[in-house]
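See structure below.
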Amino acid sequence: MTSVLVLNGPNLNLLGTRQPEIYGATTLPQVEELCREYGVKNGYDVTCAQSNHEGALVDIIHAAKGTHDGIVLNAGAYTHTSIALHDAILGTELPVVELHLSNIHARETFRHHSYIAPVAIGMICGFGVAGYTLALDALIGHLGGRT
Ligand code: DQA
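Mind the numbering: the sequence shown is residues 1412 to 1558 in our numbering, read in order.
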């Protein structure tokens, strides 16, 4: 398998119009297209998904096992609250790169803690939309590099 999942959580469907001073002007469909193109260039099939619902995100992570080799996950606000997502990642044993557009450590203190970080292979934050391809690069490198 040479397939990775880019999974976005709550409110990321509003990218482009939601607080553009923090999250930028690029829309989610544009981000997803960038990710797919990056995958093609590097020999990986990139599938993109987004949900605003915690349980749906858990289901998508479970379904990734056996389908994808790893996940780039921007869990949005669930990053800071969701033991269920933490457990789902542990349950699948898939490598996960945690991603945030903004630098969560330079923002409100409630964003400083991540339930994803202890079960991720690493985290990229603060680089805006470029973070998605940085995260894919990190994941593909972890998986053994370009095909
Ligand atoms: C975010 C950071 C989170 O704190 C926030 O709740 C988001 C987006 C980011 O990409 O910077 O929804 O994950």
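Quick reminder that beta carbons are idealized off the backbone N, C-alpha and C, glycines included.
* Just to check, is the beta-carbon of Ala1488 closer than 7 Å to a non-hydrogen atom of the ligand SAH? -> Looking at this structure, you won't find the ligand SAH anywhere; what it does contain is the ligand DQA.
* Of the listed residues Gln1430, Asp1470 and Val1415, nearest to Glu1443 (C-alpha basis) -> From the listed residues Gln1430, Asp1470 and Val1415, the smallest Cα separation to Glu1443 is found for Val1415.
* CA-to-CA distance, Ser1525 to Ala1467, given in whole angstroms -> In this structure, the CA atom of Ala1467 is about 19 Å from the CA atom of Ser1525.
* Asked: For the putative contact between Leu1510 and Tyr1543, defined by C-beta atoms under 8 Å, what is the C-beta separation to the nearest angstrom?
  -> 7 Å
* Asked: In three-state DSSP terms, what is His1479?
  -> strand
* Asked: Counting pairs of beta carbons, one from the stretch 1502–1519 and one from the stretch 1421–1441, are three or more of them closer than 8 Å?
  -> yes
* Compute the minimum distance between the beta carbon of Leu1425 and the heavy atoms of the ligand DQA, and state whether it is under 7 Å. => no
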